[in-house]
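Undergrad: Respectively, the protein sequence lines represent chains A and B.
Using the working numbering, the final residue of the first sequence is 168, and nothing's skipped along the way.
Using the working numbering, the final residue of the second sequence is 335, and nothing's skipped along the way.
The beta carbon of each residue, even a glycine, is placed where N, CA and C say it ideally should be.
This one's a predicted model, so the numbers in the text were calculated from it and none came from an experiment.
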Amino acid sequence: MARKQVGAMVQPDAFETDFWKQANLRKLWDDIIPGEPRKTIPYTLTREAIELYCAAVGENHPLYFDEDYARATHYGGLIAPPSIHILLMFSCTPADDWMRSPGTVNAGQSWSYNIPARPGDVIRLEARALDKFVKRERLFVVHDNVFFNQHGEVICSGRGWTIRPT
Amino acid sequence: MTTTFENLNAGDAIAGPQFAVSRESIRLFCDASLDYNPLHLDDEYMKGDFGKTNFGGIIMHGMNNFGLISRMITDWAYPLGAVHRRLETRWVKPVRPGDTIQPTGIVKSKQMTSKSRWVLIDVLVSNQAGEKVATGEAMVEFPPD
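1) Can you tell me whether R319 (chain B) is buried or exposed, with buried defined as 16 or more other CB within 10 angstroms of its CB?
2) To the nearest angstrom, how far is it from the Cα of M3 (chain A) to the Cα of P96 (chain A)?
3) Residues in the region 58–75 of chain A with C-beta within 9 Å of chain B's C-beta atoms, listed in sequence order?
4) Leaving out the 5 sequence neighbours to the left and right, which residues in its chain are closer than 8 Å to D233 (chain B) when beta-carbon positions are compared?
5) Go through its chain and collect everything with a Cβ distance to Y71 (chain A)'s Cβ below 8 Å, but skip five positions before and after it.
6) Within 7 Å of any Cβ in chain B, is that where the Cβ of L54 (chain A) sits?
7) In terms of residue numbering, what span does the alpha helix (DSSP H) encompassing L54 (chain A) cover?
8) Does chain B have any CB closer than 7 Å to the CB of P84 (chain A)?
9) When the cut-off is 7 Å and only beta carbons count, does P207 (chain B) lie next to chain A?
10) Is the CB-CB distance between N317 (chain B) and I296 (chain B) below 7 Å?
11) Tell me whether the region 109–129 of chain A and the region 199–207 of chain B touch, counting them as touching only if at least three CB pairs, one residue from each stretch, are closer than 8 Å.
12) Just the C-alpha distance for R120 (chain A) and S114 (chain A), rounded to the nearest angstrom, thanks.
13) Which residues in the same chain as I88 (chain A) place their Cβ atom closer than 8 Å to its Cβ, once the five residues preceding and following it in sequence are excluded?
14) What residue does the alpha helix (DSSP H) around Y71 (chain A) start on, and which one ends it?
15) CA-CA distance, V107 (chain A) and V156 (chain A)?
16) Here's a check: name, in chain order, each residue in its chain whose Cβ is nearer than 7 Å to the Cβ of F219 (chain B), leaving out the five neighbours to either side.
17) Check each candidate in B:W281, B:I263, B:S212 and B:T243 and name the one with the smallest Cα separation from R275 (chain B).
18) Tell me which same chain residues have a C-beta within less than 6 Å of the C-beta of F195 (chain B), skipping the five on either side of it?
19) Could you give the DSSP three-state label for W266 (chain B): helix, strand or coil?
20) Determine, using beta carbons only, whether T194 (chain B) comes closer than 7 Å to chain A.
21) So, with DSSP's three-state summary, where would you put W22 (chain A)?
22) With 7 Å as the threshold, decide whether the Cβ of D225 (chain B) is near any Cβ in chain A.
23) Since W22 (chain A) and P104 (chain A) should fall inside the 8 Å C-beta cutoff, what is the C-beta to C-beta distance between them, to a whole number of angstroms?
24) R140 (chain A) bridges to which residues according to DSSP?
25) Mind checking whether S112 (chain A) and E278 (chain B) have CB atoms under 7 Å apart?
26) Does chain B have any CB closer than 7 Å to the CB of L89 (chain A)?
27) Which residue comes first and which comes last in the alpha helix (DSSP H) that contains C94 (chain A)?
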């Protein structure tokens, strides 16, 4: 995927929506080493991306849309809904990341929230597989993910369980 | 009566939004989340088997359930001055275009710690047939005044 420099940030020119492309470059369950960091990409969260995410799940709270309203709250400005990490997981990882492998099935997730992400934040992900195991002939991986803002503050941290394609 | 940490009780119910699932809503979730896994897009691909499982057609993202539960929790917590702190979920049953799903919550317990106050909430997403499609637990902080 081609990228261009925008100030100090690296942004994808266009997100590759065909997850079959580069499928052969992605790690299989066999290749995944628990504890090894995944490659990640800093991502600038925009108001437009927040609004599109909100539209997809029907979020309509003014904290996400109405700057005057949000400024008058103790949040002091617009924020993203906590579950914005659903988008960040894909926007902060490259096209050859194995979370994109076709057939990856999400089995469960747990997330802890520290401070909200905000429009304009430059968000960084630290991620790795933490564990892998076989259960009832299915190939599981446990994922460990932490998102930080440009000040080094933790936005949220989460663990996911996926069943890997065979 | 205004809901406060003090007057919340185990068994209190929280109602979430109904959500109509369609091919369009799933496609919008792809665009919003950048998760273009063919599980959610490709009918031909979904005719195949996944190990012992055959889904029989495209399915909604599990994380769409997660987003709806999260929306229910924050919309409940913000007016109370409370903060959504944690959500854990498991997917029980696939959700398909044509389904209507709805998250609900039931207060399970309250916990005081040295610096704050916490409410644990059992959450569940049901489909139009009353079947559970996702279950989980949320934790909401009620910071002391």
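TA: Looking at the coordinates:
1) Here residue 319 (chain B) is Ala; the residue named in the question, Arg, does not match the sequence. Counting Cβ neighbours within 10 Å, A319 (chain B) comes out exposed, since fewer than 16 surround it.
2) Per-residue confidence for M3 (chain A) stands at a pLDDT of 36, beneath the threshold of 50, marking its modelled position as unreliable; no derived number is given.
3) A58, V59, G60, E61, N62, H63, L65 and T75
4) G247 and I248
5) P64 and L65
6) yes
7) R49 to V59
8) yes
9) yes
10) no
11) no
12) 17 Å
13) Y55
14) E69 to R73
15) 27 Å
16) H251 and N254
17) B:I263
18) R307 and F332
19) helix
20) no
21) coil
22) yes
23) 6 Å
24) A:K137
25) yes
26) yes
27) Segment: none, C94 (chain A) is in no alpha helix (DSSP H) and carries neither H nor E.
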